[in-house]
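Below is one structure, written out as structure tokens, with a few remarks after it.
In the working numbering, the protein residues as written are 13 to 66.
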């Protein structure tokens, strides 16, 4: 599943994961931007300040 989501890119991959029951994901860009799916919003935090949660 991860390879397929990676190939979709950030926007499509995140949308796909959001619509797949029981699946969540963390996306990290080369610019140190971190995107998470809604199921992780209450359990995920950034500990390295060089990364930014979007």
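Even glycine gets a Cβ: it sits at the ideal position worked out from N, Cα and C.
Backbone CA spacing between residue i and residue j [nearest angstrom]
i          : j          : result
residue 21 : residue 41 : 10 Å
residue 16 : residue 23 : 13 Å
residue 39 : residue 53 : 13 Å
residue 61 : residue 32 : 30 Å
residue 37 : residue 56 : 11 Å
residue 63 : residue 46 : 7 Å
residue 30 : residue 51 : 8 Å
residue 13 : residue 28 : 11 Å
Beta-ladder partner(s) of residue i, from DSSP
i          : result
residue 38 : 48
residue 64 : 45
8 Å contact criterion, which residue i and residue j should meet: CB distance rounded
i          : j          : result
residue 49 : residue 26 : 6 Å
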